[in-house]
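For reference, the structure is listed below as structure tokens.
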Amino acid sequence: MKLTKLTLGLAVAMGFMAAASAQTTMRISIATTKDSHQGVAIDTFAQEVEKRTNGRYKIQTFYSGALGGEREYIEAVQLGTQELAFSSTGPVPNFVPETKILDVPFLFRDKAHARKVLDGEIGQELLKKFESKGFKALAWGENGVRHMTNSKRPVNAPDDLKGLKMRTMENPVHIAAYKGLGIVTTPMAFPEVFTALQQGTVDGQENPLSVIMAAKFDQVQKHLSLTGHVYSPAIMLMNKGAFDKLSAADKQAFLDAAKVAVEANRARVDKDDANGVAELRKRGMEVIENVDKAKFVATLAPVMAQFEKEFGKEALDKIRNVK
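Take the sequence shown: its position 97, counting from 1, is numbered 98 in the working numbering, and each next residue is one higher.
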């Protein structure tokens, strides 16, 4: 009898050990804080994956550039030294050049238009382009509509930008466009930006309201102009080898988890956009809401002509005409 109980006890213990060892841990990182639209995305994703795989997969979440800047952790995912990442598309064209088209200024009418493009045929075709580069792109997320801040002067029109030294993402389309506006561009990884603004290495930066608030740029920037010059997508990436090893059911679980994460991410962006101006004014920023966007578009005409040559007018119009 004692032997039977002992045997049963050992069997139960071994069962628990086997269950524990069967759990696979993966890592996902963002450049922004936990309390941000990107933090909401990866926290939701981690919860959904664990729930949908009955705890067989655990997603460890890392915030505020703990595993490096966006370019660094995208490289890590590509190499397989990190399984997952959620990133703005800033450095993504360096890995998948076809995505550059999404960063063309004033391409999207608004967030609703951008979401239709990304969730529709055009966006889904672009997701497939990642597979030959070592990634499985799980879903398009959202970084938001980008606006300009600086510590020097109010920006009402393009002429006000001339000579301002501004941090840009490591993105060739952004850099070309901002040079066209007379900005002295300074490409820089996101984790370095706050210190660069604080020390005066750069005068300003441009980001969505969600990022400006989460990064507390109001502490080192006085002026905010709602230029809305670029819609900034985000993307949930996974190492392709890691994804391919999943069972068919687990692959679907990861894809479904990413979809739910993106819904939460976009909802947070909407909330931040609704409350952001009032919040940043409360924190002491001077906000210019009525920017003459037509002047920005006109100033960018020569650069836009170059983009039409590079991407093709037909491809740009296909995006513009999505209803």
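Where a beta carbon is used, it is the ideal one built from N, C-alpha and C, also for glycine.
Contact set for G124: own chain, Cβ-Cβ below 7 Å, skip 5 residues either direction
The beta carbon of G124 sits closer than 7 Å to the beta carbons of V118, W141 from its chain, once the five residues preceding and following it are set aside; these are given in chain order.
Which of helix, strand or coil DSSP assigns to Y74:
Residue state, collapsed to three classes: helix.
Between K134, N144, V288, which lies nearest to T263 when the distance is taken from Cα to Cα?
The amino acid occupying residue 263 in the given sequence is Val; Thr does not appear at that position. The candidate whose alpha carbon is nearest that of V263 is N144.
Give the DSSP-derived three-state secondary structure of P94 in the structure shown.
In this structure, P94 counts as helix in the three-state DSSP scheme.
Stretch-stretch touch, CB-based, cutoff 8 Å, three pairs: the stretch 196–206 with the stretch 145–163:
By the C-beta criterion, the stretch 196–206 is judged to be in contact with the stretch 145–163, since at least 3 inter-stretch pairs fall below 8 Å.
Please say whether G40 and Y64 have beta carbons closer to each other than 8 Å?
In this structure, Y64 places its C-beta atom within 8 Å of the C-beta atom of G40.
In angstroms with no decimal places, state the Cα-to-Cα distance between S30 and S226.
CA-to-CA, the gap between S30 and S226 works out to about 29 Å.
Got a sec, what are the start and stop residues for the alpha helix (DSSP H) K129 sits in?
Residue range 122–129 is occupied by the alpha helix (DSSP H) that includes K129.
Alpha helix (DSSP H) segment containing Q218, residue limits:
Looking at the sequence provided, one finds Phe at residue 218 rather than Gln. Premise fails: F218 is in no alpha helix (DSSP H) and is neither H nor E.
Contact between the stretch 279–288 and the stretch 120–140 (3+ Cβ pairs under 8 Å)
Three or more Cβ pairs closer than 8 Å define a contact, and the stretch 279–288 falls short of that threshold against the stretch 120–140.
If I measure Cβ to Cβ from E132 and keep anything under 7 Å in the same chain, skipping five residues before and after, which residues do I get?
Only K241 meet the Cβ criterion.
Cβ shell of V50 (< 7 Å), same chain only, five flanking positions each side left out:
Closer than 7 Å at Cβ, skipping near neighbours: Y58, I60, A254, F255, A258.
Could you tell me which whole alpha helix (DSSP H) segments of length 4 or greater appear in the stretch 173–256?
If we require 4 residues or more, the alpha helix (DSSP H) runs fully inside the stretch 173–256 come out as 173–181, 194–200, 210–215, 241–245.
Reducing DSSP to helix, strand and coil, say where Q61 ends up.
In this structure, Q61 counts as strand in the three-state DSSP scheme.
DSSP three-state assignment for L119, whether helix, strand or coil
Three-state result, L119: helix.
At which residues does the beta strand (DSSP E) containing A138 begin and terminate?
Residue range 136–151 is occupied by the beta strand (DSSP E) that includes A138.
Whose C-beta lies closer than 8 Å to the C-beta of A94 among residues of the same chain, with five residues either side of it excluded?
The sequence shown places Pro at residue 94, not Ala. Contacts found: T100, K101, D104, N172, P173, V174.
Is the CB-CB distance between S89 and M189 below 8 Å?
Contact check for S89 against M189 fails: the beta carbons are separated by 8 Å or more.
Taking DSSP as the reference, what is the three-state secondary structure of R28?
Annotated three-state conformation of R28 is strand, per DSSP.
Tell me which same chain residues have a C-beta within less than 6 Å of the C-beta of G229, skipping the five on either side of it?
If we look at G229 and ignore the five residues flanking it on each side, its Cβ neighbours are V146.
So, for L127: in the same chain, excluding its five sequence neighbours on each side, which residues have a beta-carbon less than 7 Å away from its beta-carbon?
Taking L127 as the centre and dropping the five residues before and after it, the same chain places the C-beta of E99, T100 closer than 7 Å to its C-beta, in chain order.
Own chain, CB closer than 6 Å to G135, minus 5 neighbours either side, in chain order:
The residues Q79, K241, in chain order, have a CB closer than 6 Å to that of G135 in the same chain once the five nearest residues on each side in sequence are set aside.
Assuming contact is defined by CB atoms lying nearer than 8 Å, are M214 and D273 in contact in what I supplied?
For M214 and D273, yes; Cβs fall inside 8 Å.
Identify the continuous alpha helix (DSSP H) that holds M305 and give its terminal residues.
Element bounds for M305: 302–312.
V288, DSSP secondary structure in three states:
In the structure shown, V288 falls within a strand segment according to DSSP collapsed to helix, strand and coil.
Out of curiosity, what's the CA-to-CA distance linking T186 and E287?
Cα-Cα distance, rounded: 23 Å.
Pull up the distance between the alpha-carbon of A77 and that of R28, whole angstroms please.
Linking A77 to R28 through their CA atoms gives a straight-line distance of about 11 Å.
Per-residue DSSP class, three states only, for T45:
The answer is helix: DSSP assigns T45 an H, G or I state.
Considering only the beta carbon of each residue, do A42 and A265 sit closer than 8 Å?
Cβ atoms of A42 and A265: closer than 8 Å.
Tell me the DSSP secondary structure of K319 in three-state form.
Helix, per DSSP.
If you measure between the beta carbons of S233 and H38, is that distance less than 8 Å?
No, these two residues do not count as a Cβ contact at 8 Å.
F218 versus K163: straight-line alpha-carbon distance, rounded:
Distance from the CA atom of F218 to the CA atom of K163, rounded to whole angstroms, is 21 Å.
With DSSP as the reference, label S37 as helix, strand or coil.
Correct three-state label for S37: coil.
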